[in-house]
Every structure is written in C-alpha cells, then in structure tokens.
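**Q** Numbering (the working numbering), first residue to last: -9 to 387.
In this text, a Cβ means the ideal position worked out from N, Cα and C, and glycines have one as well.
These numbers come from a predicted model, not from an experiment.
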Ligand SMILES: Cc1cc2nc3c(=O)[nH]c(=O)nc-3n(C[C@H](O)[C@H](O)[C@H](O)COP(=O)(O)OP(=O)(O)OC[C@H]3O[C@@H](n4cnc5c(N)ncnc54)[C@H](O)[C@@H]3O)c2cc1C
C-alpha cells in the first residue's frame, strides 16, 4: 500500500504572485478627494455650463489649486506629476460630474504630452512652467476640415524662412481654442508628395499671442458644450525654430505617441459617464419602486448590463494606464479601452434615457445631457471605427 501523501489544505503556491485588481491607498485617497471636488464644485453647475456653454474658469482655478488640472506636470506647491493611473482616476471622476469640463481639462494634458515626449528643457520652461504656476489652458491643433481620421491629409504648412518658419493653415474643432495661452500645432514641412507621413510633418508649440493667429467662431456642440471648440487660422505666423518640438519631420510620430499616451484618459472619462448613467438610473428606480413597488425584469437586465460594462470599462482603462506607468505602453490596450468605454457609455446613456421614460427626454434632464455628451466619445481621440481598424491591424500584424 502507498504511503499517504500530506495534503496542503492551506495557501496555494501561486498566491504570493497573484494579480492585484486593487489600486494603491494613495490612488484611493486621490479618488476620494477628486470625487468630493467633483460633487461640490462641478455637479451643481454642470447643467448651467451645458446650457450657457460658458467656459468654466472658476472650476479650473479651484482644480489647479488642488493639482487636479495640468496633472502630467508637477505643481508649484511642490507636488510631483501624477502618474497615468492617477490621471485616469481624476478624469473618471470629472467625467462622472461633467465631461464638458473633463474635455477642457483633458485637452491640457493632451497638449502638454508632446513636450513631455520630445520637448527640450527650454521649451518646458517656456510652455509648461506657466501651466504649473497658473490655471492656464492649452489647445491641440491637429484636425482640419478635410483631415480628421486621416491625419496625414492635413494641409497646414510650415515653410522654412531664415531662422524659423512661416505657418499657414486652418485647424478645425479645436477644444480650448479661444482660451488657450499656447497651441500645439502639427504642420507639413516636407512638400514632396511622396514623402512618408513619418518624415513629412513637424510639431510646434506656438504662443497664442503670436501675430497672425485668428480665432474662428465658437461651435455649438451637441454635447460636452462648455469646452470652447473653434477653428484656429494661422495666417503667415512667424514661428521660431526653438518652438519646434523634436526634429524636423518627427511630428507625425510625436502625435501618434501622444494619442497612445492619452487615450486612457478619454476612456476613463467615458467610464465616469457610464457610472453616472448607472447611478442616476438606480436612484430613479429606487424612488419609483417606493411609489409603485415594481421594477420590471427588462429594466433589471439593463441595470445589470450597465454594471458589468462599468466594471469592465474601468478595468481596461486602469490596465492601459498602468501599462504606461510600467513602461509597457500599448497602442493595442489603449485602443481597446477607448473603444469599449466609448461604446458602452453610449449604450448606458441610451438605457438611462429609456429607464427615465418621458422624464429623460426633456431638455435639462440629467440623462438627456449624458446622452448628448456620450456621443462625442465615439468621435474624438480617434473614432470608434478607426480604433477598431487599429485593433484589428495589430491583431493581424
Ligand atoms: C467636441 C469635439 C472636440 C474636438 N477637439 C479636437 C481638438 O482639440 N483637437 C483636434 O485636433 N481635433 C479635435 N476634434 C476633432 C476630432 O479629432 C475629429 O472629429 C475626429 O478625428 C474625426 O475626424 P472627422 O470629424 O474629420 O471625421 P472623418 O475622419 O471624416 O470620419 C467620418 C466618419 O467616417 C469614418 N471613417 C473615416 N475613415 C475611415 C476608415 N478608413 N475606415 C472606416 N471608417 C472611417 C469615421 O469613423 C467617422 O465615422 C474634436 C472633435 C469634436 C467632435
């Protein structure tokens, strides 16, 4: 007869190397702080900013004081830059409160990222230091009326002139356009039509008070309305060579790296909106259940779907942010997270409006704003269709 083997009824061998799905105590504390800020400072005024489209300077001044604005750089109070996961947590909580406010805050991080990727010390002092010292805004000028998804089709050009460039062209759909103190601009610098995108474009930071910059009229967006979207025209704008970010011809790559590094912040903002749709629906149904006591099964399924998608969306978003922090940034995971969050935020908004019935359809209803705001997530930062192309190309490569 074989000797009886001792059986370990206790700890598994892999337990110590397990996978943590929790965020650190510091990240939890940050989430608590920003949630309080969003509840006290943004939610009460969000509907009014949506209606008036007034740029929320008051919120930004307070956010800057708590280092919730311009978070990818340090603050004059001595605090260090937030890591990407912390930025995602901030963006999620702001997106919960109002994604119009969130878009304007996000655009600052988007605009600063090229300088963090490829800027020199002098440029960081000139363009980033003021953003640490004051609640200033920046804008990211890439899209043109004939070139959105196809970035390589842009026509804005920077022609060499003495020790700098002359910049001409019109950028469209530029968030923070009328409020920025400087612009990140992508322009063509190689005019050989056969030049590959990876060599044909250059990136610049241009102070907003440079002569020749003309602001277009403010767009009336369907959602995320207080973020000041405009056309920006550059008419014979003299750009110093020292404002070029990276080498001449590197602009397209810098823009693509910037999108990869910032997509987790768009997905987290959409996750915040998704969670808000779920919470508003739960509150509405609890109130209704108290009066007539019934929540039908189809509605219960909608709630369950929203809850599953909020959880998944958050996990994908945190993972893509944490990968950036760990030095393993991944276009694939950033695109997965952005696409999923944008799509599921829209589904959740549609569910929420249906759950509210007529009360969700009227102007001024919270879920009506959420539905208009949600749609925009499928457009900017790379449309859902373009994200799916990126994902499938990476799968097939
Ligand atoms: C509120 C708002 C704020 C914005 N802020 C900024 C900003 O600050 N800075 C900036 O530079 N831009 C900004 N944009 C512009 C945004 O990035 C573009 O709208 C986006 O890239 C899509 O480009 P497009 O609008 O020209 O649409 P198009 O590229 O013309 O696309 C139209 C449709 O065709 C689909 N499509 C296009 N090409 C393909 C393809 N190859 N295969 C399959 N489907 C395709 C798209 O998915 C989309 O559904 C903003 C847009 C909005 C709405």
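(1) Run the CB neighbour count on residue 216, radius 10 Å, all protein chains shown included, and call it buried at 16 or more, exposed below.
(2) If you follow the alpha helix (DSSP H) that residue 99 is part of, which residue opens it and which one closes it?
(3) Cutting at 6 Å between CB atoms, please list the residues of its own chain near residue 367, excluding the five before and the five after it.
(4) Residue 234 by DSSP, collapsed to three states: which one?
(5) What does DSSP give as the partner residues of residue 173 in its beta bridges?
(6) Have a look at 70, 249, 77, 304 and flag the residue whose alpha-carbon is nearest the alpha-carbon of residue 24.
(7) Given a cut-off of 9 Å, decide if residue 177 and residue 146 are closer than it, judged by their beta-carbon atoms.
(8) Closer than 8 Å: is that where the CB of residue 372 sits relative to any heavy atom of ligand 1?
(9) Which partner residues of residue 155 appear in the DSSP bridge assignment?
(10) What residue ranges within the stretch 292 to 348 form continuous alpha helix (DSSP H) runs of no fewer than 4 residues, ordered along the chain?
(11) Hey, is the stretch 141 to 158 in contact with the stretch 108 to 120, meaning 3+ C-beta pairs nearer than 8 Å?
(12) Which residue or residues does DSSP assign as beta-bridge partners of residue 429?
(13) Quick one, are the C-beta atoms of residue 265 and residue 155 less than 9 Å apart?
(14) Roughly how many whole angstroms lie between the Cα atoms of residue 74 and residue 281?
(15) Using a Cβ-Cβ cutoff of less than 7 Å, which residues in the same chain neighbour residue 355 once the five nearest sequence positions on both sides are dropped?
(16) Tell me, please, whether the CB atom of residue -4 is closer than 9 Å to any CB atom in chain B?
(17) Please state if the CB of residue 363 and the CB of residue 90 are separated by a distance shorter than 9 Å.
(18) What's the gap between the Cα of residue 275 and the Cα of residue 285?
(19) On the DSSP letters alone, give me the boundaries of the alpha helix (DSSP H) that residue 25 sits inside.
(20) Which residue's Cα is closest to the Cα of residue 252: 202, 365, 66, 100?
(21) So which of 330, 270, 237 has the shortest CA-CA distance to residue 357?
(22) DSSP state of residue 134, grouped into three classes?
(23) So, residue 118 versus residue 267, is the Cβ gap smaller than 9 Å?
(24) What separation, rounded to the nearest whole angstrom, lies between the Cα atoms of residue 34 and residue 49?
(25) Using 9 Å as the threshold, is the C-beta distance between residue 224 and residue 196 below it?
(26) Starting from the Cα of residue 206, find the closest Cα among 9, 58, 169, 258 and give me that residue.
(27) Would DSSP call residue 63 helix, strand or coil?
(28) Since residue 328 and residue 256 should fall inside the 8 Å C-beta cutoff, what is the C-beta to C-beta distance between them, to a whole number of angstroms?
(29) Buried or exposed: residue 341, going by 16 or more other Cβ atoms within 10 Å of its Cβ?
(30) Whose C-beta lies closer than 8 Å to the C-beta of residue 96 among residues of the same chain, with five residues either side of it excluded?
(31) Within 10 angstroms of the Cβ of residue 218, are there 16 or more other Cβ atoms? Answer buried if so, exposed if not.
(32) Sort 135, 326, 126 by Cα distance to residue 160 and report the nearest one.
(33) Just grab the DSSP bridge partners of residue 41 for me.
(34) Give the secondary structure of residue 144 by DSSP, where H, G and I count as helix, E and B as strand, and everything else as coil.
(35) CA-CA distance, residue 1 and residue 292?
(36) Where does residue 181 land, buried or exposed, given buried means 16+ other C-beta within 10 angstroms?
**A** Quick answer:
(1) Per the 10 Å Cβ criterion, buried.
(2) 89 to 108
(3) 260, 332, 335
(4) Residue state for residue 234 is assigned as strand, using DSSP reduced to three classes.
(5) 129, 196
(6) For the set 70, 249, 77, 304, the Cα lying nearest the Cα of residue 24 is the one of 77.
(7) In terms of Cβ geometry, residue 146 and residue 177 form a close pair [threshold 9 Å].
(8) Yes.
(9) 150, 229
(10) 321 to 346
(11) no
(12) Absent from the structure is residue 429, since the part of the chain shown begins at -9 and ends at 387.
(13) no
(14) 44 Å
(15) These residues qualify, in order along the chain: 346, 349.
(16) Looking at the structure shown, chain B is missing, and only one protein chain is on hand.
(17) yes
(18) C-alpha of residue 275 to C-alpha of residue 285: approximately 7 Å in a straight line.
(19) 15 to 27
(20) Nearest neighbour of residue 252 by Cα position, chosen from 202, 365, 66, 100, turns out to be 100.
(21) 270
(22) strand
(23) no
(24) 11 Å
(25) yes
(26) Here the closest residue by C-alpha is 169.
(27) coil
(28) 5 Å
(29) buried
(30) 81, 252, 255, 256, 259
(31) By the Cβ neighbour-count rule, residue 218 is buried, with 16 or more other Cβ atoms within 10 Å of its own.
(32) 135
(33) DSSP, once it has assigned bridges, lists no residue as partnering residue 41.
(34) coil
(35) 39 Å
(36) Looking at its Cβ environment, which holds fewer than 16 other Cβ atoms inside 10 Å, residue 181 is exposed.
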